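Data block below; observations after.
Written out as structure tokens, the structure reads:
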């Protein structure tokens, strides 16, 4: 049995030049932006900070814990848990791109973010969120093979294929992020520097630009199509075959067991894509709704994913129980000696 390892590929970072700020002819160089955040009364900022802090602490605990369990328990060295470990890795890092800066801004008067910081935030977030979409498609394919072709599972889901699927997810995320970031930051920012959001995202940045959006939106729509459509198609087709196969199982216990192996993944897919579609389909005149939807996939989803997989997975619960048992025994032995 080969041991899987978590990893991420370093991506080339493109330098983009700062564009103008105001005036039709002479644009002053943009050196920073203002993250407006949530339009609430100042006394509520403390409450929002505490909520963000709690959620981010849960994200750290859940995803680091999940990666630790998967890497330390030999029984979890399988393709499904290899993908799940990388999912936790992605969730941990893209939430870390957003949450710390948002929490700092709750206490900051200026709420500013440097131009380079804004570029970096958008670049990293786009990389990880696209990589997660492709990884979820790979996980759907894994479940399809496991349920529809169980006898061929070991040979088809080889170590090499699993590594290629995960590496491809990161590479697609990197390429998409380079293109998206480059397009956004070649726009002219000649209006307000205030971004009506709690992090640097494409739609809020578009609102403060005075560039012609026709070509930009055509390219953006094409890029979104070749990213989102293939992953959704793979997930839908995989689950159509899975449902068809499960319905052919005669015993109700067998059907229940087969569906239970997919329910966690299907829940994660529904939450992520539901929030993403809700945010991008929300009209620009309702920016607060977009912020709420953004919260779902930037913080809530990374917090829920470890809980969804751990609470509905016997192997993970058993591995966690084993680790906690060892810790308790070690603590008891230390207390006995002292």
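Residue numbers (our numbering): 851 to 1188.
Note that the Cβ used here is the ideal one computed from N, Cα and C, for glycine as well.
As the structure is a prediction and not an experimental result, all values here were calculated from the model.
Q) What first and last residue would you give for the alpha helix (DSSP H) that runs through residue 888? A) Residue 888 sits at position 38 when you count from the first residue of the chain shown. Residue 888: not part of any alpha helix (DSSP H); DSSP gives it neither H nor E.
Q: Would you kindly check if the distance between the Cβ of residue 1143 and the Cβ of residue 1132 is under 8 Å?
A: For this step, residue 1132 is matched to residue 282 along the chain shown. For this step, residue 1143 is matched to residue 293 along the chain shown. A contact, by the Cβ cut-off of 8 Å.
Q. When you compare each of 892, 1170, 910 and 918 to residue 956 by their alpha carbons, which one comes out closest?
A. Walking along the chain shown from the start, residue 956 turns up at place 106. If we check each option's Cα against that of residue 956, 892 comes out closest.
Q: With DSSP collapsed to three states, give me the class of residue 1144.
A: For the purposes of this step, residue 1144 is identified with residue 294 of the chain shown, where counting begins at 1. Three-state DSSP puts residue 1144 in a helix.
**Q.** Where the alpha helix (DSSP H) containing residue 1102 begins and where it ends
**A.** In the chain shown, the residue the question calls residue 1102 occupies position 252. Here the alpha helix (DSSP H) through residue 1102 covers 1102–1131.
(Q) Less than 8 Å between the C-beta atoms of residue 1064 and residue 880, yes or no? (A) The sequence position of residue 1064 within the chain shown is 214, counting from 1. The sequence position of residue 880 within the chain shown is 30, counting from 1. Pairing residue 1064 with residue 880 gives a Cβ-Cβ distance that is not under 8 Å.
**Q.** 7 Å Cβ shell around residue 1117 - same chain, five flanking residues per side excluded
**A.** Walking along the chain shown from the start, residue 1117 turns up at place 267. Result list for residue 1117: 1158, in chain order.
(Q) Please report the distance separating the alpha-carbon of residue 969 from that of residue 1093. (A) Position 119 of the chain shown holds residue 969. Position 243 of the chain shown holds residue 1093. Take the alpha-carbon of residue 969 and the one of residue 1093: they are about 43 Å apart.
Q: Could you check which residue in 1031, 1113 and 927 has the C-alpha nearest to that of residue 1069?
A: As a first step, residue 1069 must be located in the chain shown, where it is residue number 219. Among 1031, 1113 and 927, the Cα nearest to that of residue 1069 is on 1031.
Q: Would you grab the beta carbon distance between residue 978 and residue 1023 for me? Rounded to a whole angstrom, and I think it's under 8 Å.
A: On the chain shown, residue 978 is found 128 positions in, with the first residue counted as 1. On the chain shown, residue 1023 is found 173 positions in, with the first residue counted as 1. Approximately 7 Å separates the beta-carbon atoms of residue 978 and residue 1023; this is inside 8 Å, confirming the contact.
Q | Burial state of residue 853, where buried means 16 or more other Cβ atoms lie within 10 Å | A | The residue you call residue 853 lines up with position 3 of the chain shown. Note that residue 853 scores 49 on pLDDT, short of 50, meaning its location in the model is unreliable and no value can be drawn from it.
Q: Can you tell me which of the three DSSP states residue 909 falls into?
A: Start at 1 with the first residue of the chain shown, and residue 909 comes out as number 59. It is helical.
**Q.** Sequence-distant residues of the same chain with beta carbon closer than 8 Å to residue 1147, five excluded per side
**A.** As a working note, residue 1147 is residue 297 in the chain shown. The beta carbon of residue 1147 is closer than 8 Å to those of 979, 1121, 1122, 1125, 1126 and 1129 in its chain, skipping five residues each way along the sequence.
Q.
Could you tell me the alpha carbon to alpha carbon distance between residue 1103 and residue 1109, rounded to whole angstroms?
A. Start at 1 with the first residue of the chain shown, and residue 1103 comes out as number 253. Start at 1 with the first residue of the chain shown, and residue 1109 comes out as number 259. Roughly 10 Å between the two C-alpha positions.
Q | Extent of the continuous beta strand (DSSP E) to which residue 964 belongs | A | As a first step, residue 964 is located in the chain shown; it is residue number 114 there, counting from the start. Boundaries of the beta strand (DSSP E) harbouring residue 964: 962–964, taken from the DSSP string.
Q.
Assuming the contact rule is C-beta atoms closer than 8 Å, residue 1026 and residue 1077 should be a hit. Round their C-beta distance to whole Å, please.
A. Stepping through the chain shown from its first residue, residue 1026 is reached at position 176. Stepping through the chain shown from its first residue, residue 1077 is reached at position 227. For a cut-off of 8 Å, the C-beta gap from residue 1026 to residue 1077 is around 6 Å, short enough to register as a contact.
Q | Among 1115, 1098 and 1113, nearest to residue 998 - alpha-carbon criterion | A | Position 148 of the chain shown, counted from the start, is the residue given in the question as residue 998. Proximity to residue 998 across 1115, 1098 and 1113 peaks at 1098, based on C-alpha coordinates.
Q: Would you grab the beta carbon distance between residue 1154 and residue 919 for me? Rounded to a whole angstrom, and I think it's under 8 Å.
A: Sequence index remark: in the chain shown, residue 1154 carries index 304 (1-based). Sequence index remark: in the chain shown, residue 919 carries index 69 (1-based). Not quite, the Cβ-Cβ distance comes to about 17 Å (not below 8 Å), so this is no contact.
Q) Using 8 Å as the threshold, is the stretch 898–911 in touch with the stretch 921–929, meaning 3 or more CB pairs across them? A) Short answer: they don't touch.
Q.
Assuming residue 893 is part of the alpha helix (DSSP H), what are its boundary residues?
A. Here residue 893 is taken as the residue at index 43 of the chain shown, counted from 1. No alpha helix (DSSP H) holds residue 893; DSSP gives it neither H nor E.
Q. Given that a residue counts as buried once 16 or more other Cβ atoms are within 10 Å of its Cβ, and exposed if not, what is residue 965?
A. Here residue 965 corresponds to residue number 115 of the chain shown, with the count starting at 1. Classification of residue 965: buried, given that the 10 Å Cβ count is 16 or more.
Q: Report the rounded CA-to-CA distance for residue 1012 versus residue 943, giving the unit in angstroms.
A: By one-based count along the chain shown, residue 1012 stands at place 162. By one-based count along the chain shown, residue 943 stands at place 93. Here the alpha carbons of residue 943 and residue 1012 stand approximately 21 Å from one another.
Q. Among residues of its own chain, excluding the 5 on either side of residue 875, which ones have a beta-carbon nearer than 7 Å to its beta-carbon?
A. Numbered from its first residue, the chain shown carries residue 875 at position 25. Since pLDDT at residue 875 reaches only 38, below the 50 mark, its modelled position is unreliable, and the value read off the structure follows with that caveat. So the list is empty, once near-sequence residues are dropped.
Q) Roughly how many whole angstroms lie between the Cα atoms of residue 1172 and residue 914? A) Residue numbering aside, residue 1172 sits at position 322 when the chain shown is read from its first letter. Residue numbering aside, residue 914 sits at position 64 when the chain shown is read from its first letter. Cα-Cα distance, rounded: 17 Å.
Q: Tell me whether residue 1134 sits in a helix, a strand or coil according to DSSP, three-state version.
A: The count along the chain shown starts at 1 and reaches residue 1134 at position 284. Looking at residue 1134 - three-state DSSP - the assignment turns out to be coil, as it is neither helix nor strand.
Q: For residue 961, count neighbouring C-beta atoms within 10 Å of its own C-beta (all shown protein chains included) and say buried if the count is 16 or more, exposed if not.
A: Counting from 1 along the chain shown, the entry for residue 961 is found at position 111. The Cβ neighbour count for residue 961, taken over all protein chains shown within 10 Å, is at least 16; the residue is labelled buried.
Q.
Just to confirm my understanding: we take residue 909, look at its own chain, exclude 5 residues before and 5 after, and list those with CB closer than 6 Å. What are they?
A. Indexing the chain shown from 1 puts residue 909 at position 59. Within the same chain, residue 909 has close Cβ partners 945, 1152 and 1153.
Q: Report the residue from 940, 1135 and 1111 whose alpha carbon sits nearest the alpha carbon of residue 974.
A: Numbered from its first residue, the chain shown carries residue 974 at position 124. Considering only alpha carbons, the answer is 940.
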